[in-house]
Amino acid sequence: MKASADKRLLAAAELISDSAVLADIGTDHAKLPVSLILSGRIKRAFACDINEGPLLFAEALIKERKLEDKITTVLTDGLKGLTLSEITDVSICGMGGELISDILKNSLSEEYSRINFVLNPMTRDDALRRFLAENGFIIEKETAVVQSGRVYSVMKASYNGKPYKKEESWYQIGEIAPIGEGKKYIEKVISRLEKQSKNPNEAEKIARLINEIKEKL
Ligand SMILES: C[S@@+](CC[C@H](N)C(=O)[O-])C[C@H]1O[C@@H](n2cnc3c(N)ncnc32)[C@H](O)[C@@H]1O
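Just so you know, we're using the numbering used here here: the sequence shown kicks off at 39 and counts up by one.
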């Protein structure tokens with residue numbers, strides 16, 4: 039079985055701390071923890087999934103690579119049942135922004151303040167950024183990744199429990215710089231908003247938002 043991570047997961051891997059003890063939530067085939075352990079970047083990992091099927095694939099890959107002493111599989115909903123004090127990094131990749139927000143909200147604790155979070159929403163990136171701001175998470179770094187014709191955001195976040203507010207355009211494009219793949223990400227956001235602006239009830243508000251984003255280009 040192929041252990042190599044794709045471009046999106048490689049971008050997530052780059053944001054994980056060196057020597058981390060990682061909890062990879064929604065691990066599926068455990069490609070992210072397996073590639074990080076094989077490259078010697080992290081010490082240990084918990085490969086977590088809510089479904090048994092994906093965990094069976096994860097276990098097969100971990101066994102094939104003889105990594106049973108380094109990666110533990112955990113059948114769990116989000117971060118529930120994990121001991122946060124033994125974890126330095128949490129990755130939640132390849133899920134909708136609202137589900138990632140729910141997973142973070144359901145286990146929110148002071149322990150979060152020592153954890154490096156790496157998040158990759160597949161949809162509703164804006165909802166995730168809004169949750170992060172309203173719940174005291176700071177986006178330290180955010181990059182855009184183009185893969186198979188789609189553009190994704192991958193973000194590194196920390197927690198200090200202090201909620202804050204941003205201008206509306208920030209919830210749409212976050213900390214993504216308007217260069218390279220970031221430019222493509224922002225163009226995708228504008229084109230989605232342009233489609234939404236066809237709704238007459240929203241047209242004026244969305245036109246203002248699009249102008250706010252275009253000013254940043
Ligand atoms: C599309 S896969 C993403 C796999 C991998 N993280 C990636 O980015 O390629 C989503 C995985 O999340 C799992 N999942 C969904 N909800 C979850 C939850 N609440 N807690 C843990 N895992 C969950 C699913 O079973 C599935 O294996």
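Just so you know, even glycine gets a beta-carbon here, dropped at the ideal spot from N, CA and C.
Cβ-Cβ separation, residue j to residue i (assumed contact under 8 angstroms), whole Å
| i | j | result |
| --- | --- | --- |
| N158 | S191 | 7 angstroms |
| L166 | S186 | Contact doesn't hold; Cβ gap of about 21 angstroms is too wide. |
| A68 | A96 | 4 angstroms |
| L113 | I141 | The Cβ separation is near 15 angstroms, so there is no contact. |
Distance CB(residue i)-CB(residue j) smaller than 8 angstroms
| i | j | result |
| --- | --- | --- |
| I214 | I224 | yes |
| L76 | L47 | no |
| I63 | I80 | no |
| G135 | T161 | yes |
| L60 | S129 | yes |
| Q210 | L255 | no |
| N21 | P201 | Since the displayed the chain opens at 39 and closes at 255, residue 21 lies outside it and no answer follows. |
| E219 | A182 | yes |
Option nearest residue i by Cα separation, candidates the options
| i | options | result |
| --- | --- | --- |
| D115 | L170, K104, D66, D127 | D66 |
| M193 | L170, L93, V72 | L170 |
| D127 | E149, G119, T111, G134 | E149 |
| N198 | K108, R152, N144 | R152 |
| E250 | K204, A50, S196, K200 | K204 |
| D87 | I177, A245, I125, T111 | T111 |
Cα-Cα separation between residue i and residue j, rounded to whole angstroms
| i | j | result |
| --- | --- | --- |
| L105 | A83 | 10 angstroms |
| R188 | R103 | 31 angstroms |
| K226 | D107 | 43 angstroms |
| N144 | G119 | 11 angstroms |
| E180 | G212 | 7 angstroms |
| F175 | Q234 | 28 angstroms |
| L99 | I109 | 11 angstroms |
| L231 | K222 | 14 angstroms |
| D44 | V72 | 13 angstroms |
Buried or exposed (CB count within 10 angstroms, at least 16 for buried), residue i
| i | result |
| --- | --- |
| S207 | buried |
| S123 | exposed |
| L94 | exposed |
| task | Taking 7 angstroms as the limit, tell me which residues put their C-beta closer than that to any heavy atom of ligand 3, in chain order. | result | Among the ligands modelled here, namely ligand 1, ligand 3 does not occur.
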